[in-house]
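Participant: Provided herewith is a single structure, encoded as structure tokens, for subsequent inquiry.
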Amino acid sequence: MDVLLLLGDGMLLSLQPLNLMMILIGVTLGLFIGAMPGLGSVNGVAILLPVTFLVPPGSAIIFLAAIYYGAMYGGAVSSITLGIPGASTAVATTFDGRPLAKQGRASLALVTAALASFIGGTVANVLFTLFAPLLASVALSFGPPEVFALMLLAFATFVGLGGDDIPKTIFSICFGLVLGAVGFDQISGAPRLVLFDYNGFLQGIGFLVLAIGVYGIGEMLWTIDQTRGDVTATTPKMTVKGMASDTKEAAKRGWKGTMIGSFLGFFVGVLPAAGATPGSLMSYGVAKMVSRNPDEFGKGSPDGVAAPEAANNSASTGSMLPMLTLGIPGSPTTAILLGGMVIWGLVPGPRLFVDEQEFVWGLIGSFYISNVAALLINLAFIPVFIWMLRMPFTILAPMIFVLSITGGYAATRDMFDIWLIVGFGIGAFFMRKFDYPLAPAVLAIVLGPIAEPTLRQSLLLSSGDPSIFFTRPVAGPITVIALILIFMPLVKVIRRQMGKRKKPAS
Amino acid sequence: MRVGELLTAGFLALLSLYLMWKSTELPIGYIAGTGPGGGAWPFWLSAIMLVCCVCVAFNWWRGTSPPSQSEEPVLDSHGWRSLIFVGGGIIAFVALVSIISMYGAIAVFLFYYVWFLGRHGLILSLSISLITPVALFFFFEGAMQITMPSGLPFTDPVFNFLYEIIY
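Top line first, the protein sequences correspond to chains A and B.
The first sequence begins at 57 in our numbering and counts up by one.
The second sequence begins at 1015 in our numbering and counts up by one.
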């Protein structure tokens, strides 16, 4: 009951004119920043952090949290309309969002993404409100072996996502992980994999460089080649009636993915260092696994859009939990929020809920309001996003190339990265020709820098004994599930081969 | 496609070997007291990549993967032409950034693509290629405060004029 009273006070606080204005401006800015390839919630929050010193700390964090919310909604827009995931959290959205857009059903994909994001955010808010202290203690019990086991589970999901050609999928995962290792060894600080001894590689290869190269350049070259330059532009219609029927269809065909993403995303988001990317990916994998029509996934399934979108929104709220209760940021964006709180004179940690009740509950209340505002603003802008798809392909394609190059530069401010983007794009075009799945590489480059140090720390803890991943109560079951998921497709292939051999014999 | 699949696997196997060799610049074994060496992670991952390439080649030999069964060329004349015109256009765009600035390069690339490849009218092509870089300038430099490359000094007067509008 106390919680509900405190939440009510928090909501009233966030509905005060200044705070409400902050929410509306923040969500709208976040939506457009998130929709821009190369820019995500991190950029939005970091760039607008100085602006917040003009308002009280409560309004400031509400503004930044609203940007975070808006950007998580906006990430789906570029994934669906342009086929370029603006952030790693939206990679899984491209798997089914882009095919839907190509079928002229971008409106269904965008509505599904918006609704799933809203439900994901709402479920996360309720879980956050009710179980914050309890979940914080669970998160704290995750040591390096548990985090590595979780990463292994994410990689296991990739094997299921990659299709039938398992060697090519595993190659893609390992390639992404090796690219993530370029630069410096995180533990010793020594330069590592400085390819061809070129100094540009010392700064490492970022996720965006590979993602923009693969999706912004490679995918477009592939589309131009496949369609012989004659892309029949989908002309999605945008009417109130059409949107209502899309909403109905999204609710009917996307509810399962939404539920999976909402809960799974939150629990993965709560874990320090895990974040929304593995959450969205695992949700996609689980939604595919439990679906009655798994073959629809990758070809335009609303469940395939709903699961990662619900998960990344849910995880973004979840990642606030360790930040507020333990002072540990769960994602790069929450790390900046944490910095902001310190600047405003607030000390994140267990005492925050006691010492700064008004601030904390005002923030939690604003999550609910921001979520509603983000849904409404997002739905209102869907016709604008759809309009982009009506452009002739010979205008849309160069625009995507320009956004890829400018977005890539904006993220790192380094021309070397732009050349890498072009190189990866052309390489991805040829690899796609030979059926190498590229999404696992893009996701592996994000998770590699989390997986490697946790593996090394775990082995150091156990003096090199890998049984540490099986004997710990939390890590053990996760590792076993991951191994089953990795070997299941292999067993399927072997059984299929044996079946083929038996047939001619019979 | 059949030959291409094998050549790609061979190229990727060579890349894997190169990455394995490069990883050995740091220790790849277990070091007592400090854990696995800095090169262990990329070395063993590259080794798995090499094994995967061998498996791809084996599948090619058995003819189980779709590309290994296909007799189509990897790229026909149209494919090569579009790759050269579009891919070459992108490379030229990036090369021009350090000479005529990011926004100048955007204008040239958009005009080349929309007018020459897209075969749209001159007025539409010019409008798109001029309005887009200006809009991006105000978005990046003004709103996001991200400075894009401004090219060689001869572009300074244009930038000075635009910066005066922002600041």
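Idealized CB from N, CA, C, for every residue including glycine.
Excluding five sequence neighbours on each side, which residues of the same chain lie with their C-beta closer than 6 Å to the C-beta of F198/A?
Facilitator: Here residue 198/A corresponds to residue number 142 of the first sequence, with the count starting at 1. The answer, listed in chain order, is L327.
Participant: Check for me: the alpha helix (DSSP H) holding L1028/B runs from which residue to which?
Facilitator: Here the question's residue 1028/B lines up with position 14 in the second sequence. L1028/B -> alpha helix (DSSP H) spans R1016 to S1037.
Participant: If you drop the 5 nearest sequence neighbours on each side, which residues of the same chain put their C-beta closer than 6 Å to that of L233/A?
Facilitator: Counted from its first residue, the first sequence places residue 233/A at position 177. Closer than 6 Å at Cβ, skipping near neighbours: A500 and G504.
Participant: For the alpha helix (DSSP H) that contains L627/A, what are its first and last residues?
Facilitator: With chain A covering 57 to 562 only, the question about residue 627/A has no answer from this structure.
Participant: Should T535/A and A205/A be called a contact, given that it needs their Cβ atoms to be closer than 8 Å?
Facilitator: Residue numbering aside, residue 535/A sits at position 479 when the first sequence is read from its first letter. Residue numbering aside, residue 205/A sits at position 149 when the first sequence is read from its first letter. The answer is yes: Cβ separation under 8 Å.
Participant: Residues of chain A with CB under 8 Å from N1073/B, in chain order?
Facilitator: As a first step, residue 1073/B must be located in the second sequence, where it is residue number 59. Residues of chain A passing the Cβ test: D221 and P223.
Participant: Out of curiosity, what's the CA-to-CA distance linking G239/A and P247/A?
Facilitator: Here residue 239/A is taken as the residue at index 183 of the first sequence, counted from 1. Here residue 247/A is taken as the residue at index 191 of the first sequence, counted from 1. So the two alpha carbons sit approximately 6 Å from each other.
Participant: Would V478/A and I316/A qualify as a contact pair, given that the criterion is a beta-carbon distance under 8 Å?
Facilitator: Your numbering for residue 478/A matches position 422 in the first sequence. Your numbering for residue 316/A matches position 260 in the first sequence. Result no, Cβ atoms of V478/A and I316/A do not sit closer than 8 Å.
Participant: Look up R248/A in the DSSP assignment and say whether it is helix, strand or coil.
Facilitator: Translated into the one-based positions of the first sequence, residue 248/A becomes position 192. In this structure, R248/A counts as strand in the three-state DSSP scheme.
Participant: Spell out whether any CB of chain B is found under 8 Å from the CB atom of L516/A.
Facilitator: In the first sequence, residue 516/A corresponds to position 460, counting from 1. Taking Cβ atoms only, chain B reaches closer than 8 Å to L516/A, which makes this a yes.
Participant: With DSSP collapsed to three states, give me the class of P421/A.
Facilitator: Taking the first residue of the first sequence as 1, we reach residue 421/A at position 365. Here the sequence assigns Gly to residue 421/A, which means Pro is not the residue at that position. Residue state, collapsed to three classes: helix.
Participant: Apart from the five residues just before and just after S244/A, which ones in its own chain have a Cβ nearer than 6 Å to its Cβ?
Facilitator: For the purposes of this step, residue 244/A is identified with residue 188 of the first sequence, where counting begins at 1. Cβ neighbours of S244/A beyond the five flanking positions: none.
Participant: With which residues is P1050/B paired in a DSSP beta bridge?
Facilitator: Locating residue 1050/B in the second sequence gives position 36, counting from the first residue. For P1050/B, which the question treats as bridged, DSSP gives the partners Y1044/B.
Participant: Identify which residue in T468/A, L494/A and G401/A has its Cα closest to the Cα of I117/A.
Facilitator: Residue 117/A sits at position 61 when you count from the first residue of the first sequence. Of the listed residues, the one whose Cα sits closest to I117/A is G401/A.
Participant: Indicate whether L277/A and L1097/B have their beta-carbon atoms separated by less than 8 Å.
Facilitator: Counting from 1 along the first sequence, the entry for residue 277/A is found at position 221. Counting from 1 along the second sequence, the entry for residue 1097/B is found at position 83. Yes, the Cβ-Cβ distance between L277/A and L1097/B is below 8 Å.
Participant: When you compare the CB of G354/A with every CB in chain B, is at least one pair closer than 8 Å?
Facilitator: Position 298 of the first sequence, counted from the first residue, corresponds to residue 354/A. Chain B has no Cβ within less than 8 Å of the Cβ of G354/A.
Participant: I'd like to know if the segment 63-73 of chain A and the segment 87-101 of chain A are in contact, where contact means that at least 3 CB-CB pairs between them fall below 8 Å.
Facilitator: no
Participant: Using a 10 Å radius around the Cβ and a threshold of 16 neighbouring Cβ atoms, would you call R512/A buried or exposed?
Facilitator: Counting from one through the first sequence, the residue named residue 512/A turns up at place 456. It is buried - the Cβ of R512/A has at least 16 other Cβ atoms within 10 Å.
Participant: Could you tell me the alpha carbon to alpha carbon distance between L266/A and W443/A, rounded to whole angstroms?
Facilitator: Locating residue 266/A in the first sequence gives position 210, counting from the first residue. Locating residue 443/A in the first sequence gives position 387, counting from the first residue. The straight-line gap from Cα to Cα measures roughly 28 Å.
Participant: What residues match up with F480/A in a beta bridge as DSSP calls it?
Facilitator: Numbered from its first residue, the first sequence carries residue 480/A at position 424. DSSP lists no partner for F480/A.
Participant: Give me the residue from M1116/B, F1123/B, V1088/B and P1087/B with the minimum Cα distance to G1102/B.
Facilitator: Indexing the second sequence from 1 puts residue 1102/B at position 88. Nearest option by C-alpha distance: F1123/B.
Participant: Is G176/A helix, strand or coil when you go by DSSP?
Facilitator: Translated into positions along the first sequence, residue 176/A becomes position 120. G176/A falls in the helix class under three-state DSSP.
Participant: Going by other Cβ atoms of all chains shown within 10 Å of its Cβ, with 16 needed for buried, is E275/A buried or exposed?
Facilitator: For the purposes of this step, residue 275/A is identified with residue 219 of the first sequence, where counting begins at 1. Its Cβ being crowded by 16 or more others within 10 Å, E275/A is buried.
Participant: Going along chain A in order, which residues have a C-beta closer than 7 Å to the C-beta of Y1181/B?
Facilitator: Taking the first residue of the second sequence as position 1, residue 1181/B is located at position 167. What Y1181/B touches in chain A: nothing, since even the nearest Cβ is about 16 Å away.
Participant: Compare the Cα-Cα distances from T1038/B to each of M1158/B, G1052/B, I1045/B and A1046/B and report the closest residue.
Facilitator: Position 24 of the second sequence, counted from the first residue, corresponds to residue 1038/B. Of M1158/B, G1052/B, I1045/B and A1046/B, the residue nearest in Cα terms is G1052/B.
Participant: Could you please give me the residues that DSSP links to G239/A through a beta bridge?
Facilitator: Taking the first residue of the first sequence as position 1, residue 239/A is located at position 183. G239/A pairs with R248/A.
Participant: Does chain B have any CB closer than 8 Å to the CB of A466/A?
Facilitator: For the purposes of this step, residue 466/A is taken as residue 410 along the first sequence, with counting starting at 1. It does: the Cβ of A466/A has a partner Cβ on chain B nearer than 8 Å.
Participant: For the alpha helix (DSSP H) that contains A1121/B, what are its first and last residues?
Facilitator: Mapped onto the second sequence, residue 1121/B falls at position 107. Segment G1102 to F1125, the alpha helix (DSSP H) holding A1121/B.
Participant: Of all Cβ atoms in chain B, is any one closer than 8 Å to the Cβ of A289/A?
Facilitator: Taking the first residue of the first sequence as 1, we reach residue 289/A at position 233. With a pLDDT of only 49 at A289/A, under the threshold of 50, the placement of this residue in the model should not be trusted, and no figure is reported.
Participant: Three-state secondary structure (DSSP) at A289/A?
Facilitator: Residue 289/A sits at position 233 when you count from the first residue of the first sequence. Note that A289/A scores 49 on pLDDT, short of 50, meaning its location in the model is unreliable and no value can be drawn from it.
Participant: Suppose only complete runs of 3+ residues qualify. What are the beta strand (DSSP E) ranges in the segment 443-497 of chain A, listed by chain order?
Facilitator: none
Participant: How many Å lie between A289/A and V458/A at the Cα?
Facilitator: The residue labelled residue 289/A in the question sits at position 233 within the first sequence. The residue labelled residue 458/A in the question sits at position 402 within the first sequence. In this predicted model, A289/A has a pLDDT of only 49, less than 50, meaning its place in the structure is not dependable enough to derive any value.
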